[in-house]
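In what follows, a single structure is set out as structure tokens and then discussed.
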Amino acid sequence: MNNSGKPKMGFLILLLLLFFLCFSIPSETKSDYLETSENIEGRKVNYRTFIDLKGGPDSVIWVVQLSDLHFSVFHPERALDFQRLVGPALAMINPSLVLLTGDLTDSKSKDLLTTKQYKEEWVEYHKVMENVVERSGLDKNIFYDLRGNHDKYGVPVVGGSLDFFQNYSISGQLGRSGNVHSITIQSGGRKHLFVGLDSTMSIGLCGPTNLFGHPTDELLADIDIELSQWDSQSTKGLTKMSFGHFPLSLSASTESGKSLKDVFLKHSLSAYVCGHLHTKFGENLKRHHQSDNRFLSSEKYFQLNIHQTHQRSTTFQKDCSDGAPGINEFWEWEMGDWRKSRVMRVLAIDAGHVSFVDIDFKTGAKKIIILPTFPLDSRFMLTASSLHEYSCSTDQSSFETVRALVFSSLPIVSVVARVFDSRLGNLDMVMEATMRKHENSSRGDLYTIPWNWRAFHDPSPDRFWVQIEATDIMGRSTLSELRPFSIIGLTTKLSWNWMEFLVMGCQWDVLYFPILWFILLFILSMLLIPKALFICSKTQYTYMNFIVQKGFIRGILWVLAEFCRISLLWSAMLVYLFYLIFFPWCFGKVFNRSGDRGYLTYKGWIVNIPGERSRQVYIGHPDIMVVILPHLFFVVLPAVLVMAAFAAERAVYRLYFLSLSGKKEDDYTEESRGSFYGYQGKKGSKVFFGMRLVRKFLMVICLVIFWTHWKLCRILTKAYEMNPFLHCPGYCLPIPLFLAYAVYKTRRV
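Going by this note's numbering, the first residue of the sequence shown is number 160, and it counts up by one from there.
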């Protein structure tokens with residue numbers, strides 16, 4: 160009796176110790192990296208520009224955004240199409256700014272598995288941009304290009320020999336060395352402030368663990384300063400916007416826990432425009448951000464739809480008193496890529512109202528481009544304060560006309576505005592009127608038409624739709640996209656699909672550690688809880704007991720208990736999980752240069768700081784989630800389940816074998832034996848158990864896991880020049896060996 164109690168007590172002590180070690184591991188990993196990056200780079204001077212536009216129309220300005228060009232030595236058509244199409248388009252549009260928001264070059268090998276900076280791609284980018292500037296007839300100083308993560312792959316030091324952006328980008332050539340660029344455009348008594356930011360890694364890792372934006376506290380302070388530069392003056396007639404590469408869902412927090420979202424909400428931007436995600440994840444990569452002061456709020460982790468789920472009260476929105484609190488909010492608009500989609504965006508600010516149109520050049524050059532500037536699209540252009548503006552504004556002159564910018568390579572002879580009513584389920588035209596060109600249109604053509612805007616007052620945000628048609632002198636006609644609008648400022652609620660939600664709705668830097676510890680503790684629970692019950696509980700979780708008592712939980716515990724009976728495999732799996740927590744996963748070259756290797760842990764890469772080889776820091780958090788989480792979810796977890804299933808299948812087959820031989824086991828009750836033998840007597844069951852079809856199916860699942868694991872290992876080993884046996888045996892070898900041993904161990908009764 161005394162001896163039997165010792166294993167139980169020892170196991171309980173071990174269990175408590177293991178869980179204590181898990182929860183004692185710190186999750187904060189970025190402080191060393193952020194402090195180091197500031198020491199390396201120092202404080203940079205922000206670049207500030209003021210543009211006073213001459214000519215009309217005075218009420219509106221417009222800019223062009225291009226993103227994710229991915230000029231590649233392996234895909235020259237991207238640069239050729241850019242040179243052929245963008246220069247003439249810019250000449251036709253004549254924007255006040257041209258924003259190129261990152262990933263100017265591809266920096267990837269032909270098989271897409273390795274990343275490095277190719278000087279040829281940067282030379283080509285420089286050559287193409289010089290040609291585009293010349294063909295557009297625009298001033299080179301209005302072009303602003305920013306780094307993306309592809310432009311930082313394998314660049315250990317900004318300004319070093321591998322930082323080709325410094326020498327070949329427009330910003331680099333014009334001496335814009337800071338990470339923050341501020342441009343104020345003044346037109347017609349209004350100011351339009353654009354603040355660009357470079358939040359790429361200060362130390363650029365090779366891909367794929369270089370995915371997130373990494374703003375620092377210093378960068379946020381600089382952005383705050385630039386966004387505040389006109390606050391001391393009258394705020395009337397001031398519109399604030401920001402541009403960068405990374406969406407906020409893929410931007411990490413700073414050392415102090417602050418984020419870009421905090422700064423943008425403080426200043427209530429009209430919009431933050433970015434790139435990075437391309438169009439492969441969906442067409443509605445847009446998100447409305449609004450301050451949320453609730454104590455328990457899920458907004459820190461995710462947002463379910465384009466608009467936040469909770470709504471401000473109508474009373475708050477209609478409070479027009481001088482002391483009424485404002486609404487802190489802004490739009491985030493990700494745009495499609497040039498790489499495959501050949502997309503260019505034109506943004507306009509008309510009397511403070513921001514609108515945009517995305518132009519698809521896949522079918523060739525566009526002869527006419529139409530951008531309606533009022534009324535605004537109620538799906539993703541109106542803000543939560545639009546209703547307040549409608550209810551409280553004493554100057555409603557901007558409501559009195561339908562307005563649209565029309566850009567054309569040939570003279571326009573006709574522009575027609577149409578409004579449709581969808582109340583009866585069909586689009587019934589309720590207004591059609593010819594628009595007139597604005598008298599002073601030296602910068603571009605603005606067309607307007609007066610309308611009875613109060614007639615379109617309606618509580619539905621998508622009852623009325625507007626469309627503009629333009630016809631040039633050659634008779635070619637172009638229609639703008641049909642857009643719903645709400646004069647009173649109500650927004651149409653849209654839902655993301657599941658991919659759009661994953662890339663725009665989830666705040667991954669905050670979710671990484673909860674997801675990581677959840678999956679690790681879940682797998683540990685599958686190993687430890689059945690083992691504890693096996694040692695400490697009097698209840699025996701066997702197949703015979705499961706047949707009699709049934710139940711999903713009892714079945715799961717039986718399967719896992721059978722896995723525990725293969726002691727060597729169970730122990731090896733437990734040791735492997737703790738290896739993943741406490742030891743490096745692999746060693747690899749994280750920069751495009753020879754030298755020391757960094758090593759990967761669940762907290763990030765540990766590397767030597769360039770110039771300070773005696774000091775090591777963590778970098779690449781939470782970027783390493785693209786390696787860590789797929790391995791745990793698609794390799795480790797399925798492997799544990801399959802190994803347990805192999806053990807359970809062997810136990811069932813053992814009983815089937817005993818039933819055929821007439822042997823019995825002492826611990827079976829007469830009832831359970833009778834149930835099992837009766838079930839085995841069925842003809843179909845004899846074939847099923849006798850041929851071990853379940854085992855054959857599990858072996859197919861093993862092959863799927865092998866294939867998935869091989870692909871993940873191939874990506875990692877190619878990306879960081881690893882030998883699977885020398886540099887990452889702990890990542891590549893254990894799971895295949897465990898599965899092979901499980902197949903071998905369970906082959907016989």
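Even for Gly, the Cβ is constructed at its ideal location relative to N, Cα and C.
Residue span of the beta strand (DSSP E) that contains Lys-445, given as start and end: Within the sequence shown, residue 445 is the residue found at index 286, counting from 1. 445-449 is the extent of the beta strand (DSSP E) around Lys-445.
For Leu-649, the nearest candidate out of Glu-548, Ala-507 and Met-494 (CA to CA): What you label residue 649 is simply residue 490 of the sequence shown in a count that begins at 1. Nearest option by C-alpha distance: Glu-548.
Rounded straight-line distance, which links the Cα of Ile-725 to that of Ala-691: Mapped onto the sequence shown, residue 691 falls at position 532. Mapped onto the sequence shown, residue 725 falls at position 566. So the two alpha carbons sit approximately 15 Å from each other.
Short Cβ contact (7 Å threshold) for Leu-898 with Ala-798: The sequence position of residue 898 within the sequence shown is 739, counting from 1. The sequence position of residue 798 within the sequence shown is 639, counting from 1. For Leu-898 and Ala-798, yes; Cβs fall inside 7 Å.
Length of the line joining the Cα atoms of Ser-537 and Arg-582: Numbered from 1 along the sequence shown, position 378 holds the residue referred to as residue 537. Numbered from 1 along the sequence shown, position 423 holds the residue referred to as residue 582. Ser-537 and Arg-582: Cα-Cα distance of roughly 16 Å.
Strictly by DSSP, which residues pair up with Asn-767? The sequence position of residue 767 within the sequence shown is 608, counting from 1. Per DSSP, Gln-775.
Quick one: using the 10 Å Cβ neighbour count with 16 as the cut-off for buried, is Met-633 buried or exposed? Taking the sequence shown and counting its residues from 1, the one referred to as residue 633 is at position 474. Exposed, because fewer than 16 other Cβ atoms sit within 10 Å of the Cβ of Met-633.
Within 8 Å, do at least three Cβ pairs link the region 296-309 to the region 249-256? A contact exists between the region 249-256 and the region 296-309.
Boundaries of the alpha helix (DSSP H) in which Met-590 is found, first to last residue: In the sequence shown, the residue the question calls residue 590 occupies position 431. Premise fails: Met-590 lies in the beta strand (DSSP E), 587-593, not in any alpha helix (DSSP H).
By how many angstroms is the C-alpha of Gly-779 removed from the C-alpha of Ile-712? Counting from 1 along the sequence shown, the entry for residue 712 is found at position 553. Counting from 1 along the sequence shown, the entry for residue 779 is found at position 620. Ile-712 and Gly-779: Cα-Cα distance of roughly 40 Å.
Based on DSSP bridge pairs, tell me the residues matched to Glu-493. Walking along the sequence shown from the start, residue 493 turns up at place 334. The partner list for Glu-493 (beta bridge, DSSP) reads Cys-433.
Ignoring anything shorter than 3 residues or poking outside the region 362-431, list the beta strand (DSSP E) runs there in chain order. Listed in chain order, the complete beta strand (DSSP E) runs (minimum 3 residues) inside the region 362-431 are 397-402.
For a test of the three-state rule: what should DSSP assign to Thr-876, helix, strand or coil? As a position in the sequence shown, residue 876 is number 717, starting the count at 1. Here Thr-876 sits in helix by DSSP.
Assuming Leu-733 is part of the alpha helix (DSSP H), what are its boundary residues? To locate residue 733, count along the sequence shown from 1; it is residue 574. 726-741 is the extent of the alpha helix (DSSP H) around Leu-733.
Length of the line joining the Cα atoms of Gln-626 and Val-245: Position 467 of the sequence shown, counted from the first residue, corresponds to residue 626. Position 86 of the sequence shown, counted from the first residue, corresponds to residue 245. It is roughly 26 Å from the alpha-carbon of Gln-626 to the alpha-carbon of Val-245.
Beta-carbon within less than 7 Å of Lys-420's beta-carbon, same chain only, minus the 5 sequence neighbours each way: which residues are those? As a working mapping, residue 420 is identified with position 261 in the sequence shown. By the criterion of a C-beta distance shorter than 7 Å, Lys-420 is surrounded in its chain by Leu-407 and His-448, once the five residues flanking it on both sides are discounted.
Helix, strand or coil: how does DSSP classify Leu-193 here? Translated into the one-based positions of the sequence shown, residue 193 becomes position 34. For Leu-193, the pLDDT reaches just 31, beneath the cut-off of 50, and the residue's location in the model is therefore unreliable, leaving the point undetermined.
Distance, Cα to Cα, Lys-213 vs His-597? The residue labelled residue 213 in the question sits at position 54 within the sequence shown. The residue labelled residue 597 in the question sits at position 438 within the sequence shown. Cα-Cα distance, rounded: 15 Å.
Using the Cα positions of Phe-750 and Leu-814, report the straight-line distance between them to the nearest angstrom. Residue numbering aside, residue 750 sits at position 591 when the sequence shown is read from its first letter. Residue numbering aside, residue 814 sits at position 655 when the sequence shown is read from its first letter. When rounded, the distance between both Cα atoms is 57 Å.
Would you kindly work out how many angstroms separate the C-alpha atoms of Asn-308 and Leu-586, rounded to a whole number? Taking the sequence shown and counting its residues from 1, the one referred to as residue 308 is at position 149. Taking the sequence shown and counting its residues from 1, the one referred to as residue 586 is at position 427. Between Asn-308 and Leu-586, the C-alpha separation is close to 44 Å.
I'd like to check one pair, Asp-509 with Val-219: are the Cβ atoms closer than 7 Å? Residue mapping note: residue 219 aligns to position 60 of the sequence shown, counting from 1. Residue mapping note: residue 509 aligns to position 350 of the sequence shown, counting from 1. For Val-219 and Asp-509, yes; Cβs fall inside 7 Å.
When DSSP labels each residue in this structure, what does Ile-632 get in the three-state scheme? Here residue 632 is taken as the residue at index 473 of the sequence shown, counted from 1. Note: Ile-632 maps to coil in three-state DSSP.
Could you please give the first and the last residue of the uninterrupted beta strand (DSSP E) stretch that includes Gly-747? Taking the sequence shown and counting its residues from 1, the one referred to as residue 747 is at position 588. DSSP places Gly-747 in the uninterrupted beta strand (DSSP E) bounded by 745-747.
Pull the bridge partners of Thr-637 from the DSSP assignment, please. Here residue 637 refers to the residue found at position 478 when the sequence shown is read from its first residue. Beta-bridge pairing links Thr-637 to Ala-629.
What residue ranges within the region 506-563 form continuous beta strand (DSSP E) runs of no fewer than 3 residues, ordered along the chain? 512-519 and 527-533
Exposure of Trp-657, with buried meaning 16 or more beta-carbon neighbours within 10 Å: For the purposes of this step, residue 657 is taken as residue 498 along the sequence shown, with counting starting at 1. The residue is exposed, with fewer than 16 neighbouring Cβ atoms inside 10 Å.
Going by C-alpha distance, which of Leu-424, Trp-717 and Ile-210 is nearest Phe-693? Along the sequence shown, one-based indexing puts residue 693 at 534. Of the listed residues, the one whose Cα sits closest to Phe-693 is Trp-717.
Nearest-angstrom Cα separation, counted from Gly-396 out to Gly-348: To locate residue 348, count along the sequence shown from 1; it is residue 189. To locate residue 396, count along the sequence shown from 1; it is residue 237. Between Gly-348 and Gly-396, the C-alpha separation is close to 7 Å.
Spatial neighbours of Leu-228 within its chain, please: CB distance less than 6 Å, with the 5 preceding and 5 following residues excluded, ordered by chain position. Position 69 of the sequence shown holds residue 228. Here the set comprises Leu-263 and Trp-497.
The beta strand (DSSP E) with Asp-240 in it runs from where to where? Stepping through the sequence shown from its first residue, residue 240 is reached at position 81. Segment 236-252 is the alpha helix (DSSP H) holding Asp-240; no beta strand (DSSP E) there.
Less than 8 Å between the CB atoms is what I'm expecting for Cys-745 and Tyr-758, so what's the real figure, rounded? Locating residue 745 in the sequence shown gives position 586, where the first residue counts as 1. Locating residue 758 in the sequence shown gives position 599, where the first residue counts as 1. Confirmed, Cβ separation roughly 7 Å.
Sorted by chain position, which residues of the same chain lie with C-beta nearer than 8 Å to Val-859's C-beta, five sequence neighbours on each side aside? Walking along the sequence shown from the start, residue 859 turns up at place 700. Closer than 8 Å at the Cβ level, and outside the excluded window around Val-859, lies no residue.
Expressed to the nearest angstrom, what Euclidean distance is found between the alpha-carbon atoms of Arg-635 and Ile-329? Position 476 of the sequence shown, counting from 1, holds the residue named residue 635. Position 170 of the sequence shown, counting from 1, holds the residue named residue 329. If I take the Cα positions, the gap works out to 36 Å.
Can you say whether Ser-412 is buried or exposed, counting buried as having 16 or more other CB atoms within 10 angstroms of its CB? What you label residue 412 is simply residue 253 of the sequence shown in a count that begins at 1. By the neighbour-count rule (16 or more Cβ atoms within 10 Å), Ser-412 is buried.
The ligand GTP heavy atom lying under 6 Å from the CB of Arg-595: Summarising the ligand content, the structure contains no ligands, and the ligand GTP is consequently not present.
If you count every other CB in all the chains shown that lies within 10 Å of the CB of Asp-390, and 16 or more means buried, which is it? On the sequence shown, position 231 is the one that residue 390 refers to. Classification for Asp-390: exposed.
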